[in-house]
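Everything on this sheet refers to the single structure shown next.
There are 2 protein chains.
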Amino acid sequence: MSSAADQITFTGNPLDRASDGRADPAWIEARLADPQSLFLPLYRGDPLLRDGRAVFLASAARADIPSRATAVFLGVRNDRAHFAVDLSEAPGPQDAPFADFGAYTPLREAAFALGEAGDDLAIIGQARWLLDWHRRHRHCAVCGSMTEIADGGAKRLCPGCGAEHFPRSDPVAIVLATHDDACLLGRGPHFPPGFLSALAGFVEACETPEECAVRELREEAGVALSNVRYQFSQPWPFPSSLMMGFIADAKDRALTLDVREIVEARWVEKGEIQSLLAGVKRDDIKLPPRFAIARRLIERWAGQ
Amino acid sequence: MSSAADQITFTGNPLDRASDGRADPAWIEARLADPQSLFLPLYRGDPLLRDGRAVFLASAARADIPSRATAVFLGVRNDRAHFAVDLSEAPGPQDAPFADFGAYTPLREAAFALGEAGDDLAIIGQARWLLDWHRRHRHCAVCGSMTEIADGGAKRLCPGCGAEHFPRSDPVAIVLATHDDACLLGRGPHFPPGFLSALAGFVEACETPEECAVRELREEAGVALSNVRYQFSQPWPFPSSLMMGFIADAKDRALTLDVREIVEARWVEKGEIQSLLAGVKRDDIKLPPRFAIARRLIERWAGQ
């Protein structure tokens, strides 16, 4: 985290989440009315970009925000409250409010356009994460009633049964398996040939991320792991994964692929990785982009 | 993980979760009918203990399991499928089926009775986690419809809107803040005086566990952290927390407590910790039990 270029994408959110303030409805109302406050519009999780920057609307624009739109509190920076506004009800991004201010841009494209670091991406990620969760959790899972937003969007309350519901963060173990001077890269069926990455899977009930790493590599590739070493994490707002990155030792290089999960996997020597990281193009191996934690794991291992 | 006594409680689950098999309803049906299968009864998340061991019912007992009871697949060991059965509908633990086989015992007590390690605790934790999630997620959060169990309990499906729902694992950062040769211990208002532990909080939307650690210590104790170092994790089935353990450096020893969260906090010298770990009793400091990750963090730091 020594420089912006090293910062992992979607981390480094500069906002103070103000968990005290947001729990007070009067405080939230005052910040919504504050002319200093800023509003980040999203269309189905995608930010509005203009001249390579995310558009944050000044409070004067609030008059054009549909009253039905969900607004959630993100945090405070320099005494200015930031809110995200969900404008997903329009039939298409061109029809959404404020579309003439810029272009609603798919978040993966925006992650390229906004650079690898950038405070904006962390804020946009948080906004997408929260709005998506609210959109898909309008009902109480306990009793089925319609729930209500509370704490500025930090939770939902059920007026039927009293249950509280909090946004999800789904932990994922993503693992660079290594054997001597090679690492294991693979791809699922939804990636084109050559687009290889570290293997990953969701942490299951009552499982540590290290146990998940061992299980996933055994299930998906038939690889026995040991010495599973945590490196760093990345929140991944597609929609709500907490990617926990590991490097681990494989017992040998034998592979037994579960082809429903992994259709291509290979051991790649460190020298090949270093040449790919230096910019050499190959059709048979394309490394993940720098905004993905898998790339950062590969870089760390190759630099060791 | 070099010995059973070192193993963190609720880790080391010996079952193969058989994610291939469980996705096939016919396979699940066959395992339910298999005379080799075992059934772990739980009453509101608490296991049935007899002679200091958890009771796993042989399939012959299935006739006495109410047909309405939720059964979820846990995994396979030595070719025997293990299922958990939710017997929570009885008015009290003494009235639940099989109560005459032993005693339904609160899980925290069971964690003492079953020893610090023990495969049984990891299996019971998984069972409690899954059954609790199913009990509190009968409805679809998207549309409110009643959902149906699928994949042996690894997910729920909504017949109304088609949404899939998966069990939650809620990541928590638990942090031992240190300054020179002292560590920070505190307690929330729900603990009695003297029962001190490491500070902790839930990871929020689009946040890394390290960012959460920094935020929580700032919010709850006014402490500025740096060099936040991951140690190990513990799944904590009360009801579904993934405790990620960190040790970190505090800038100084000044404390500004948020008394709604932390009513007592103090810096404790390493020598004092070592004497407490050696068994010296003090009324003003009681360390957490060994089945809690906080104790393991303290032990690791004190042993360094």
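Listed in order, the protein sequences are those of chains A and B. Just so you know, the first sequence maps onto residues 513 to 816 in my numbering. Just so you know, the second sequence maps onto residues 513 to 816 in my numbering. Just so it is clear, CB atoms sit at the ideal spot from N, CA and C, and this is done for glycine as well.
Cβ of Leu554 (chain B) within 7 Å of any heavy atom in the ligand FAD?
What this structure holds is no ligand at all, so the ligand FAD is not there to describe.
In chain A, what lies closer than 7 Å to Ser571 (chain B) by C-beta?
As a position in the second sequence, residue 571 (chain B) is number 59, starting the count at 1. Neighbours of Ser571 (chain B) on chain A: none; closest Cβ ~23 Å, over 7 Å.
Report the rounded CA-to-CA distance for Asp764 (chain B) versus Ser738 (chain B), giving the unit in angstroms.
For this step, residue 764 (chain B) is matched to residue 252 along the second sequence. For this step, residue 738 (chain B) is matched to residue 226 along the second sequence. Those two C-alpha atoms are separated by around 11 Å.
Taking Ala611 (chain A) and Leu552 (chain A) to be in contact with their CB atoms under 8 Å, please state how far apart those CB atoms are, rounded to whole angstroms.
What you label residue 611 (chain A) is simply residue 99 of the first sequence in a count that begins at 1. What you label residue 552 (chain A) is simply residue 40 of the first sequence in a count that begins at 1. Contact doesn't hold; Cβ gap of about 15 Å is too wide.
Tell me whether the stretch 681–699 of chain A and the stretch 755–773 of chain A touch, counting them as touching only if at least three CB pairs, one residue from each stretch, are closer than 8 Å.
yes
Is Pro553 (chain B) helix, strand or coil by DSSP?
The residue given as residue 553 (chain B) occupies position 41 in the second sequence. Three-state result, Pro553 (chain B): strand.
Three-state secondary structure (DSSP) of Pro683 (chain A)
Against the first sequence, residue 683 (chain A) aligns to sequence position 171. Strand, per DSSP.
Considering just the uninterrupted stretch of the alpha helix (DSSP H) at Glu776 (chain A), what are its terminal residues?
Here the question's residue 776 (chain A) lines up with position 264 in the first sequence. Where Glu776 (chain A) is concerned, there is no enclosing alpha helix (DSSP H), although the beta strand (DSSP E) it sits in stretches over 776–781.
Considering only DSSP beta bridges, list what Cys724 (chain B) is partnered with.
Here residue 724 (chain B) is taken as the residue at index 212 of the second sequence, counted from 1. Per DSSP, none; premise fails for Cys724 (chain B).
I need the DSSP call for Phe744 (chain B), collapsed to helix, strand or coil.
Here residue 744 (chain B) refers to the residue found at position 232 when the second sequence is read from its first residue. In the structure shown, Phe744 (chain B) sits in a strand (DSSP, three-state: E or B).
Applying the criterion that 16 or more other CB atoms from any shown protein chain within 10 Å of the CB defines a buried residue, is His702 (chain B) buried or exposed?
As a working mapping, residue 702 (chain B) is identified with position 190 in the second sequence. Result: exposed.
Can you pull the chain E neighbours of Glu731 (chain A), defined as C-beta to C-beta under 8 Å?
The structure shown has no chain E; the protein chains it does contain are A and B.
If you check the beta carbons only, do Ile810 (chain A) and Met755 (chain A) fall under 8 Å apart?
To locate residue 810 (chain A), count along the first sequence from 1; it is residue 298. To locate residue 755 (chain A), count along the first sequence from 1; it is residue 243. It is not a contact, given that the beta carbons lie outside the stated cut-off.
Which term fits Phe803 (chain B), buried or exposed, when burial requires 16 or more other beta carbons within 10 angstroms of its beta carbon?
For this step, residue 803 (chain B) is matched to residue 291 along the second sequence. Buried: at least 16 other Cβ atoms inside 10 Å.
With DSSP run on the structure shown, which of helix, strand or coil describes Glu660 (chain B)?
Stepping through the second sequence from its first residue, residue 660 (chain B) is reached at position 148. The answer is strand: DSSP assigns Glu660 (chain B) an E or B state.
Using a Cβ cut-off of 8 Å (strictly closer), state whether Leu642 (chain B) contacts chain A.
Here residue 642 (chain B) corresponds to residue number 130 of the second sequence, with the count starting at 1. Yes, Leu642 (chain B) lies at the interface with chain A (some Cβ there is under 8 Å from its Cβ).
Which of the three DSSP states is assigned to Leu527 (chain A) in this structure?
What you label residue 527 (chain A) is simply residue 15 of the first sequence in a count that begins at 1. Coil at Leu527 (chain A), not helix or strand.
Residues in its own chain within less than 6 Å of Pro749 (chain B) by CB, not counting five upstream and five downstream?
As a working note, residue 749 (chain B) is residue 237 in the second sequence. Only Gly637, Arg640, Trp641 meet the Cβ criterion.
If the cut is a Cβ gap below 7 Å, which residues of chain B does Pro679 (chain A) touch?
Translated into positions along the first sequence, residue 679 (chain A) becomes position 167. Ordered by position in chain B, the residues that pass the 7 Å Cβ test against Pro679 (chain A) are Ala717.
For Arg574 (chain B), which residues from the same chain have a beta carbon less than 7 Å from its beta carbon, with the 5 sequence-adjacent residues on both sides left out?
Taking the first residue of the second sequence as position 1, residue 574 (chain B) is located at position 62. For Arg574 (chain B), where only same-chain residues beyond five positions count, the Cβ hits under 7 Å are Phe551.
For Ser787 (chain B), which of helix, strand or coil comes out of DSSP?
Counted from its first residue, the second sequence places residue 787 (chain B) at position 275. In the structure shown, Ser787 (chain B) sits in a helix (DSSP, three-state: H, G or I).
Can you have a look at Asp591 (chain B) and say buried or exposed, based on whether 16 or more other CB atoms are within 10 angstroms of its CB?
For this step, residue 591 (chain B) is matched to residue 79 along the second sequence. By the neighbour-count rule (16 or more Cβ atoms within 10 Å), Asp591 (chain B) is not buried but exposed.
Between Val654 (chain A) and the rest of its own chain, which residues show a CB-CB distance below 8 Å, the 5 nearest in sequence each way excluded?
Locating residue 654 (chain A) in the first sequence gives position 142, counting from the first residue. These residues qualify, in order along the chain: Cys670, Cys673, Ala675.
Helix or strand or just coil, what does DSSP make of Ile759 (chain B)?
As a first step, residue 759 (chain B) must be located in the second sequence, where it is residue number 247. Looking at Ile759 (chain B) - three-state DSSP - the assignment turns out to be strand.
Distance cutoff 8 Å, beta carbons only. Does Asp682 (chain B) sit that close to anything in chain A?
Translated into the one-based positions of the second sequence, residue 682 (chain B) becomes position 170. It does; some Cβ of chain A falls within 8 Å.
Using a C-beta cutoff of 8 Å, does Leu711 (chain B) count as contacting chain A?
On the second sequence, residue 711 (chain B) is found 199 positions in, with the first residue counted as 1. Judged by the 8 Å Cβ criterion, Leu711 (chain B) is not in contact with chain A.
Express the C-alpha separation of Ser681 (chain A) and Pro801 (chain B) in angstroms, rounding to a whole number.
Walking along the second sequence from the start, residue 801 (chain B) turns up at place 289. Walking along the first sequence from the start, residue 681 (chain A) turns up at place 169. So the two alpha carbons sit approximately 28 Å from each other.
Spatial distance of Glu781 (chain B) from Phe678 (chain A) (CA atoms):
What you label residue 781 (chain B) is simply residue 269 of the second sequence in a count that begins at 1. What you label residue 678 (chain A) is simply residue 166 of the first sequence in a count that begins at 1. Taking the straight line from one Cα to the other gives about 37 Å.
Would Phe551 (chain A) count as contacting chain B if we go by Cβ distances under 8 Å?
For the purposes of this step, residue 551 (chain A) is taken as residue 39 along the first sequence, with counting starting at 1. So no, Phe551 (chain A) is outside the interface.
Gly656 (chain B) burial status per 10 Å Cβ neighbour count (16 or more: buried):
Residue numbering aside, residue 656 (chain B) sits at position 144 when the second sequence is read from its first letter. Gly656 (chain B) is buried by the Cβ-count criterion.
What residues in the stretch 655–676 of chain B bring their beta carbon closer than 8 Å to a beta carbon of chain A?
Cys655, Gly656, Ser657, Met658, Ala666, Ala675
Minimum length 3: unbroken beta strand (DSSP E) runs contained in the stretch 592–651 of chain B:
592–598
Can you look up Arg668 (chain A) in the DSSP assignment and give me helix, strand or coil?
For the purposes of this step, residue 668 (chain A) is taken as residue 156 along the first sequence, with counting starting at 1. Looking at Arg668 (chain A) - three-state DSSP - the assignment turns out to be strand.
Going along chain A in order, which residues have a C-beta closer than 8 Å to the C-beta of Asn525 (chain B)?
Within the second sequence, the letter at position 13 stands for residue 525 (chain B). Residues of chain A passing the Cβ test: Cys718, Glu719, Glu723.
Could you compute how far the alpha carbon of Thr659 (chain B) sits from the alpha carbon of Val792 (chain B)?
Here residue 659 (chain B) is taken as the residue at index 147 of the second sequence, counted from 1. Here residue 792 (chain B) is taken as the residue at index 280 of the second sequence, counted from 1. Distance between the alpha carbons of Thr659 (chain B) and Val792 (chain B): 53 Å.
If you measure between the beta carbons of Gly587 (chain A) and Asp546 (chain A), is that distance less than 8 Å?
Reading the first sequence from its first residue, position 75 is the one you call residue 587 (chain A). Reading the first sequence from its first residue, position 34 is the one you call residue 546 (chain A). No.
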